[in-house]
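As structure tokens, the structure follows; a few thoughts come after it.
Protein chains: 2
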Amino acid sequence: MAEKQSRRDRAAPFRRKAATRSSPRPAIVLDVLDGHLGYFARRLQIWVFQDFIRTLERIDISPAQYSVLVVIGANRGLSQAELAATLGIERARLVRLLHRLEERGLVQRLRSSADGRRHALQLTPPGRSALARAKILAARHEGRLIEKLGAERHALLLDALR
Amino acid sequence: MAEKQSRRDRAAPFRRKAATRSSPRPAIVLDVLDGHLGYFARRLQIWVFQDFIRTLERIDISPAQYSVLVVIGANRGLSQAELAATLGIERARLVRLLHRLEERGLVQRLRSSADGRRHALQLTPPGRSALARAKILAARHEGRLIEKLGAERHALLLDALR
DNA sequence: TATTGTTATACTCTATAACTATA
DNA sequence: TATAGTTATAGAGTATAACAATA
Chain A
1275 MAEKQSRRDR AAPFRRKAAT RSSPRPAIVL DVLDGHLGYF ARRLQIWVFQ
1325 DFIRTLERID ISPAQYSVLV VIGANRGLSQ AELAATLGIE RARLVRLLHR
1375 LEERGLVQRL RSSADGRRHA LQLTPPGRSA LARAKILAAR HEGRLIEKLG
1425 AERHALLLDA LR
Chain B
1275 MAEKQSRRDR AAPFRRKAAT RSSPRPAIVL DVLDGHLGYF ARRLQIWVFQ
1325 DFIRTLERID ISPAQYSVLV VIGANRGLSQ AELAATLGIE RARLVRLLHR
1375 LEERGLVQRL RSSADGRRHA LQLTPPGRSA LARAKILAAR HEGRLIEKLG
1425 AERHALLLDA LR
């Protein structure tokens, strides 16, 4: 309550500087956030996803849909539970995700005769060609990341995260 | 449709192996996902946030709330627009976020007399002590990350991401 | 009993658009 | 006219719980 008087000689000079300096941002300090891996992981994830989304929106494939198509494509016949566990997606969410991909004719759910509870997942022919197109765009996106991060840092991050 | 007959000799052996092997997971391959930085950034972010959330849930502070409190605490008087830009949060979302923190008596929004449109943000005394407690817990969380990742990899990641 | 897929619910987050009051 | 804060809305993601069919 006692600080009410001193507040305005803080924000105002920052904004005046912003107009005359090369950096448009005021000098805001992150404090302890600068030591938190989670903070930077989130920022990186958002930054990368934004480029990915923009790159694949022309074929209407989201990051989650892409990961689902890739894993089904490389592991034909796997179950929804296995797919969910592999990608760290909730089983319940995967249901709707697959529903839409099935409606679009990209994925098939086949009853497993060995275990009546399971669905064996596989791509349809259109699903395979959609995935092929998606992979090309995704590779272009990854190339852009390499450009912006530098090849060494990109490789270093990928290696450290794996 | 022609693949219906061959699907079961794919998933079934995986599951049988899972019971006898040391690894409980079937050998599912990630394919091109293994080369995508975004995929690993997302997995890292989820993994880190889960530990962070569990660590700070006892004081009912979410990751987003924590980052807001930290930045306000270190930049008293900044505006909502500045805060939103700094953290990469939507201005619209920040409104509700601050609303809750204000209701809990942790944050104050003061009208800037220099610019009637802006709110000068600052922590209340309870807000400052809540932040102090949160920082202690957050440091404990970060220590756990360092334990699990190894100090070198943690430092390397932090450095590469900054 | 346990597991697979499913439905339902609630809450958070993201992305917009539009409104108000101030500048 | 532009900006700061706000409200509203729609969609995605997350976290649960409960259910039917099957094991």
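First to last, the sequence lines map onto chains A and B.
Each residue of the first sequence is one higher than the last, beginning at 1275 in our numbering.
Each residue of the second sequence is one higher than the last, beginning at 1275 in our numbering.
Each residue gets a CB set at the ideal place from its N, CA and C atoms; glycine is no exception.
In summary, the residues of the region 1350-1380 of chain A whose CB is separated from some CB of chain B by less than 9 Å are ARG1350, GLY1351, LEU1352, SER1353, GLU1356, LEU1357, ALA1359, THR1360, LEU1361 and GLY1362, in the order they occur in the chain.
With contact defined as three or more Cβ pairs closer than 8 Å, the region 1415-1433 of chain B and the region 1360-1372 of chain B are not in contact. Pairing A/SER1353 with B/ILE1410, the inter-Cα distance amounts to about 43 Å. Cα atoms of A/LEU1330 and A/ALA1359: separation of roughly 24 Å, rounded to the nearest angstrom. Taking the CA atoms as reference points, A/SER1403 sits about 29 Å from A/ALA1429. Annotated as proximal: B/ILE1346 and B/LEU1395, with beta-carbon spacing under 7 Å.
Think of a sphere of 7 Å around the beta carbon of A/VAL1303: the chain B residues whose beta carbon falls inside it are ALA1348 and ASN1349, in chain order. Secondary structure of B/ALA1388 (DSSP, three-state): coil. The Cβ atoms of B/VAL1344 and A/VAL1303 lie no closer than 7 Å to each other. Collapsing the DSSP output to three states places B/LEU1395 in a strand. DSSP lists B/LEU1397 as the bridge partner or partners of B/VAL1381.
Considering only A/ALA1301, A/LEU1380 and A/ALA1434, the residue with the shortest C-alpha distance to B/ALA1348 is A/ALA1301.
The CB of A/GLU1331 never comes closer than 7 Å to any CB in chain B; the least such distance is about 15 Å. Of all alpha-carbon atoms in A/ARG1418, A/ARG1392, A/PRO1399 and A/ALA1412, the one lying nearest the alpha-carbon of A/LEU1357 is that of A/ARG1392. Counted as a single uninterrupted DSSP element, the alpha helix (DSSP H) harbouring B/ARG1317 occupies residues 1311-1330.
Between the C-alpha atoms of B/VAL1381 and B/GLY1401 there is a straight-line separation of about 6 Å. Residue nearest to A/GLN1319 within the set B/VAL1322, B/GLY1312, B/LEU1372 and B/ARG1436 is B/GLY1312 (criterion: CA-CA distance). In the DSSP assignment, B/GLU1426 falls within the unbroken alpha helix (DSSP H) covering 1425-1435. Counted as a single uninterrupted DSSP element, the alpha helix (DSSP H) harbouring A/VAL1345 occupies residues 1337-1348. Restricting attention to A/LEU1361, A/VAL1322, A/GLN1324 and A/GLY1351, the CA atom closest to the CA of A/VAL1342 is found in A/LEU1361.
Taking a Cβ-Cβ threshold of 9 Å, none of the residues of chain A is close to B/SER1403; the smallest such distance is about 15 Å. In terms of Cβ geometry, B/ALA1408 and B/ILE1327 do not form a close pair [threshold 7 Å]. Among the residues facing chain B, A/LEU1318 is included, as its CB has a counterpart in that chain under 7 Å away.
DSSP, read as helix, strand or coil, puts B/LEU1307 in helix.
Contact between B/PHE1323 and A/LEU1432 is ruled out by a C-beta separation of about 20 Å, above the 8 Å threshold. Judged by DSSP in its simplified three-state form, A/GLU1364 adopts coil rather than helix or strand. Straight-line spacing of the CA atoms in B/GLN1339 and B/GLU1376 works out to 11 Å. The alpha-carbon of A/ARG1414 is positioned some 11 Å away from that of B/HIS1310. Going by C-alpha positions, B/ALA1434 is about 7 Å away from A/ARG1427.
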